[in-house]
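Everything below concerns the one structure shown next.
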Amino acid sequence: MDWIITTLKDYPELAVFLTLSLGYFIGKFKIGSFSLGTVTSVLLVGVLVGQLDIVISPNVKSVFFLMFLFAVGYSVGPQFFGGLKKDGLPQMLYAAVVCVLCLICPYLIGKIMGYDMGLTSGMLAGSQTISAVIGVASDTINQLNLPADQKTALINKIPVAYAVTYIFGTAGSAWLLASIGPKLLGGNLVEKAKELEIQLGGDAIGDDPSIASAYDRVIYNAYQISGHSYANNKTVAEVENELERNNRRLFIQRIRRGKEIIDATPEFVIKENDVVALGGRREYMMNYVAVNEKEVLDIELLNFPVEVLSILIVKKEVINKTIADLRHLKYMHGVVVRSLKRSGIQMPILPNTVLQKGDMIELIGIKRDVDQVATHIGYPDRPTNTTDMAFVGLGIVLGGLLGALTIKVGGVPISLSTSGGALISGLFFGWLRGQHPTFGRIPEPALWIMNNVGLNIFIAVVGITAGPSFIVGFQEAGWGLFIAGAAATAIPLILALFIGRYIFKFHPIITLGCAAGARTTTAALGALQDAVKSKTPALGYTVTYAVGNTLLIIWGVVIILIMS
Numbered sequence: 171m172d173w174i175i176t177t178l179k180d181y182p183e184l185a186v187f188l189t190l191s192l193g194y195f196i197g198k199f200k201i202g203s204f205s206l207g208t209v210t211s212v213l214l215v216g217v218l219v220g221q222l223d224i225v226i227s228p229n230v231k232s233v234f235f236l237m238f239l240f241a242v243g244y245s246v247g248p249q250f251f252g253g254l255k256k257d258g259l260p261q262m263l264y265a266a267v268v269c270v271l272c273l274i275c276p277y278l279i280g281k282i283m284g285y286d287m288g289l290t291s292g293m294l295a296g297s298q299t300i301s302a303v304i305g306v307a308s309d310t311i312n313q314l315n316l317p318a319d320q321k322t323a324l325i326n327k328i329p330v331a332y333a334v335t336y337i338f339g340t341a342g343s344a345w346l347l348a349s350i351g352p353k354l355l356g357g358n359l360v361e362k363a364k365e366l367e368i369q370l371g372g373d374a375i376g377d378d379p380s381i382a383s384a385y386d387r388v389i390y391n392a393y394q395i396s397g398h399s400y401a402n403n404k405t406v407a408e409v410e411n412e413l414e415r416n417n418r419r420l421f422i423q424r425i426r427r428g429k430e431i432i433d434a435t436p437e438f439v440i441k442e443n444d445v446v447a448l449g450g451r452r453e454y455m456m457n458y459v460a461v462n463e464k465e466v467l468d469i470e471l472l473n474f475p476v477e478v479l480s481i482l483i484v485k486k487e488v489i490n491k492t493i494a495d496l497r498h499l500k501y502m503h504g505v506v507v508r509s510l511k512r513s514g515i516q517m518p519i520l521p522n523t524v525l526q527k528g529d530m531i532e533l534i535g536i537k538r539d540v541d542q543v544a545t546h547i548g549y550p551d552r553p554t555n556t557t558d559m560a561f562v563g564l565g566i567v568l569g570g571l572l573g574a575l576t577i578k579v580g581g582v583p584i585s586l587s588t589s590g591g592a593l594i595s596g597l598f599f600g601w602l603r604g605q606h607p608t609f610g611r612i613p614e615p616a617l618w619i620m621n622n623v624g625l626n627i628f629i630a631v632v633g634i635t636a637g638p639s640f641i642v643g644f645q646e647a648g649w650g651l652f653i654a655g656a657a658a659t660a661i662p663l664i665l666a667l668f669i670g671r672y673i674f675k676f677h678p679i680i681t682l683g684c685a686a687g688a689r690t691t692t693a694a695l696g697a698l699q700d701a702v703k704s705k706t707p708a709l710g711y712t713v714t715y716a717v718g719n720t721l722l723i724i725w726g727v728v729i730i731l732i733m734s
């Protein structure tokens, strides 16, 4: 044991990875629906490892924190700037109002409780579940004209307050939005979610054959045409039009006539005993064969390339158009929508769901058809392992330089800090990537590493560094800090629901989604969608999340400045 402790002290990088390993392992466990989460688990393990008095260079956490903040900005950049347009402004303004409440409440509660800027900023980070505030507030404290030992004491209190208040910040937010929120907004929100789906065309879609929420629902089968079939002696176009009139968008891809296999064309006339390859949703295919045709096994006929392709929407031709508009474009023939993501959040696939620039839409169909669609609507996001590191490095450097600039307001030096600059730079570079998708690619796994590992290595170092003073700090703060944090979580959220419903006049479901987004609580969004049995809350989440993720991090600077 002594050898292990000595080795960890001599090689502190091993202590960091030990903390990561145990933190991620513990973070996976759930008690009911509650989980500590990875970040809190890594922090607490770091505090435990930190009892060994391991010294780690502060440069380590700075490097990974900048990487994390750039990734955060990059992820939400397209939605952040897209929200500045007319349709997104009400949600952006709402998010800004909620974020101001999220700053004022912890500040006032901290003042009432007599907390210093270390505990108050930690309470802000934990109660609003915005881990990045730990780093931003620490950077800002380091810039203050205070003795070094006082700075260290204040910085070490931040993770204490964060750990104590984060538990209710996460679980409490999900409970308030999913359980209390529906009651505050007028009762049965399951019905209201269905009403919203109807407004968005949900009655028209039902189980629309052109739209699939899971890949295994899209299939291709072979059917032999009988003499009694309505397809007999009709053209491919006539058959497909008849199917669509019956709300079944199935496509004839290929036809076997005798030994010959022919690619389907609109004018091709189908005859008795032809075998057609039909593509579409599984349940409609089953209904089709049950009523009309005999399914046959024809491996050769069905052996054609089908492509699943994610496309970044950037073309004006489809921006601000609905899914229904997209489906009826000529080049969408034979192509099925599988999913739609906005800022990584799964959006409901309904006819009146509006497509926005920067959305990622996943299509399935014959390769030539899907490729043709890609040229019309955006940029194919084909699988790749390559990250544009020149783009990433330049973005972080420029952001850091911006953040290092200092201006004096009333004789007080103010700056964004390098961390705030990296966030702003990430927003701009993410938007730039959305405008010009030929460069600046960061594959999703790489972005996950930057986001999750970047943040958690930072948190691990914070925990290890604060370890020796953590227990003393917790004893000083007491359990009153937990109650204060719960109040700092609940008050802004409850006010946010009433503001969204009665001042901004949002639909109750959109109000809940907007509140979750402004508070950047993805866990609450999931609980909310389960509670209302609908994906529609996500329609209010993405723009407000982009604003909330930006402002709440900047509040880490602001709360230190107003308390100093």
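Numbering (the working numbering), first residue to last: 171 to 734.
Using N, Cα and C, we set each Cβ at its ideal position, and we do this for glycine too.
Taking a 10 Å sphere around the C-beta of Asn391, we find 16 or more other C-beta atoms and assign the residue as buried. Secondary structure of Arg508 (DSSP, three-state): strand. Shortest Cα-Cα distance from Ile274 to any of Gly258, Ser291 and Gln261 involves Ser291.
DSSP places Arg538 inside the alpha helix (DSSP H), whose first and last residues are Lys537 to Ile547. Note: Tyr400 is not bridge-paired with any residue in the DSSP secondary-structure output.
The Cβ atoms of Pro550 and Leu617 lie no closer than 7 angstroms to each other. In the DSSP assignment, Leu259 falls within the alpha helix (DSSP H) that extends over Leu259 to Met283.
The bridge partners DSSP lists for Gly450 are Ile389. Within the DSSP bridge table, the entry for Val445 names Gln394 and Arg426 as partners.
For Ser480, the enclosing beta strand (DSSP E) stretches over residues Val476 to Ile483. Closest option to Gly193, judged by alpha-carbon separation, among Leu448, Asn626 and Ile395: Asn626. Per DSSP, Lys500 lies in no alpha helix (DSSP H) and is assigned neither H nor E. Fully contained in the segment 556 to 642 are the following alpha helix (DSSP H) runs of length 4 or more, in chain order: 559 to 574, 587 to 605 and 614 to 618. In the structure shown, Asp319 falls within a helical segment according to DSSP collapsed to helix, strand and coil. Straight-line measurement puts the Cα of Pro248 at about 18 angstroms from the Cα of Ile566. Non-local C-beta neighbours of Leu525 in its own chain, meaning closer than 6 angstroms and more than five positions away in sequence, comprise Ile483, Val488 and Lys491, ordered along the chain.
When secondary structure is reduced to three states using DSSP, Gln516 falls in the strand class.
Ranked by Cα distance from Val505, the first of Leu448, Ile431 and Arg512 is Leu448.
Rounded to whole angstroms, the gap between the alpha carbons of Phe609 and Met287 is 42 angstroms. Remark: C-beta atoms of Asp444 and Ile425 approach each other more closely than 7 angstroms. Lys179 is bridged by DSSP to nothing; it lacks a bridge partner.
A distance of 7 angstroms or more separates the beta carbons of Val225 and Ala716. Residue pairing from DSSP places Thr405 in a beta bridge opposite Val439. Under the 10 Å beta carbon count, Glu367 is surrounded by 16 or more other beta carbons and is classified as buried.
Lys464: member of the beta strand (DSSP E) spanning Lys464 to Val466, first to last residue. The C-beta of Ala701 has 16 or more other C-beta atoms within 10 Å across all chains shown, which makes the residue buried. Going by DSSP, Phe668 is part of the alpha helix (DSSP H) stretching over Gly650 to Phe668. Beta-bridge partners of Thr720 (DSSP): none assigned.
As computed with DSSP, Val524 is found in a beta bridge with Thr492.
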